[in-house]
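These notes concern the structure reproduced below.
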Amino acid sequence: MGQRILVTGGAGFLGSHLCKRLLDEGNSVVCVDSFATSQRETIADLMEHPEFEVVEHDIVEPLYLDDIEAIYNLACPAAPGHYQYNPVRTMKTSVVGIINMLGMAKAKGIRLLHTSTSEVYGDPEISPQREDYNGNVNPIGRRSCYDEGKRAAETLMYDYNRQHGVDVKIVRIFNTYGPNMHPFDGRVVSNFIRQALAGDDITVFGDGSQTRSFCFVSDMIEALVRMMNSPADFHGPVNVGNPNERTILELAELVIELTGSSSSIVRKPLPPDDPTRRRPDLTLATERLGWEAVVPLEEGLRQTTEYLSKLDMSLWKPPTPFWEAPPLEA
Ligand code: NAD
Ligand code: UDP
39 MGQRILVTGG
49 AGFLGSHLCK
59 RLLDEGNSVV
69 CVDSFATSQR
79 ETIADLMEHP
89 EFEVVEHDIV
99 EPLYLDDIEA
109 IYNLACPAAP
119 GHYQYNPVRT
129 MKTSVVGIIN
139 MLGMAKAKGI
149 RLLHTSTSEV
159 YGDPEISPQR
169 EDYNGNVNPI
179 GRRSCYDEGK
189 RAAETLMYDY
199 NRQHGVDVKI
209 VRIFNTYGPN
219 MHPFDGRVVS
229 NFIRQALAGD
239 DITVFGDGSQ
249 TRSFCFVSDM
259 IEALVRMMNS
269 PADFHGPVNV
279 GNPNERTILE
289 LAELVIELTG
299 SSSSIVRKPL
309 PPDDPTRRRP
319 DLTLATERLG
329 WEAVVPLEEG
339 LRQTTEYLSK
349 LDMSLWKPPT
359 PFWEAPPLEA
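Shown next, in the form of structure tokens:
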């Protein structure tokens, strides 16, 4: 017998894959999403499923749902262009949104898994980053609405656990990519592949020597499900990602090679506070979840390229600012 599971942000990139996985395992899924950074196209196939329900709702507002047995909280703009677009809303989503979800978990006595981020480490002074590294975050920069919001959400998760006994799980996600990314989210993988397919210039920010470690979405979803099902005394935070670190310039060259593109690489200014390196220490994930990333970057990029090459780009718009969005349903 499956569970009735709430996935906030379920219409987004990671959320859509997670909803599918949970449905495939025989669960009933309630996807709560404001569509701030996603479109219904991403979950069109799931809409046919009798056990899939969509509630258009912003988690900054209180939410009451019956019979929920577990919560995955993914709702939050994740791409820098998205979360900096309306930074106050981003911070509210992380802070007020998680309080609403923790309130539901407390009232129902159910487990809540929260998707935090490698951004809690800011621009790290150590590499690879371990969970006990407290980070190097600018509290007042352009990225702070996201980084500090996510840090505050982790604090709230632990405080609700200590103060109210809420069953909490925290995962720190490192850069993840794959099919179902919004083609105009501005993240590096979607940008580079879209640019390469169109024969446009590939925009490398700065000198391209900054690093990221790219995890394919199927590996990430496996880790999220394992964390949700891990023993109750393991709250995390646990790093999840791929340890294979690449410079952004290397990524640009690899995308050109894999797509056979004639695009050229051009340099653009490096955005402020752009972290110089990111690589997860995955010891904890290996020990406690028995998990490791298995999809090589080349294979993941091939699958992402296939997805992006089939999209009708005219259907995809940059996200609507919240003040222009239609009123939310009650
Ligand atoms: P995404 O933007 O594709 O998905 C986020 C979803 O949340 C979207 O469907 C969006 O409409 C929804 N949303 C945003 N604000 C909301 C609100 N206030 N109420 C309800 N819904 C809201 O991003 P993603 O890559 O799928 O990220 C999912 C989660 O994982 C986020 O919390 C993100 O911070 C975290 N994460 C992702 C990555 C990554 O590399 N993909 C890295 C670190 C952390
Ligand atoms: N980046 C880039 N060109 C782009 C988009 C991003 O060079 O068109 C760089 C960006 O400056 C950062 C890295 O790629 O160093 C990853 O950016 P992304 O927005 O995907 O995520 P981040 O890890 O910064 O949150």
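Just add 38 to wherever you are in the sequence shown, counting from 1, and you've got the numbering used here. Beta carbons: idealized from backbone N, C-alpha and C, even for Gly.
Straight across, the Cα-Cα distance linking P88 with S301 is about 44 angstroms. Taking the Cα of R232 as reference, the smallest distance to any Cα among L296, N111, P318, L322 is reached at L296. Here the segment 149-158 makes contact with the segment 208-221; the two share three or more CB pairs at distances below 8 angstroms. By the C-beta criterion, the segment 314-332 is judged to be in contact with the segment 264-282, since at least 3 inter-stretch pairs fall below 8 angstroms.
Between the beta-carbon of I109 and that of L52 there is about 15 angstroms, and that puts the pair past the 8 angstroms contact cut. Within the same chain, Cβ atoms closer than 8 angstroms to the Cβ of R284 are found at T249, R250, S251, F252, L292, L335, the five residues on either side in sequence being excluded. The C-alpha of D350 is placed about 31 angstroms away from the C-alpha of A331. Inclusion of L327 and A261 in the CB contact set at 8 angstroms is warranted, their separation being smaller than that value. Taking the Cα of V92 as reference, the smallest distance to any Cα among F73, V333, E107, S132 is reached at F73. Taking the Cα of L353 as reference, the smallest distance to any Cα among R78, L60, L61 is reached at R78. No residue range can be given for I164, since it is assigned to no beta strand (DSSP E) and is classified by DSSP as neither H nor E.
Beta-bridge analysis with DSSP links V92 to C69. DSSP, read as helix, strand or coil, puts N280 in coil.
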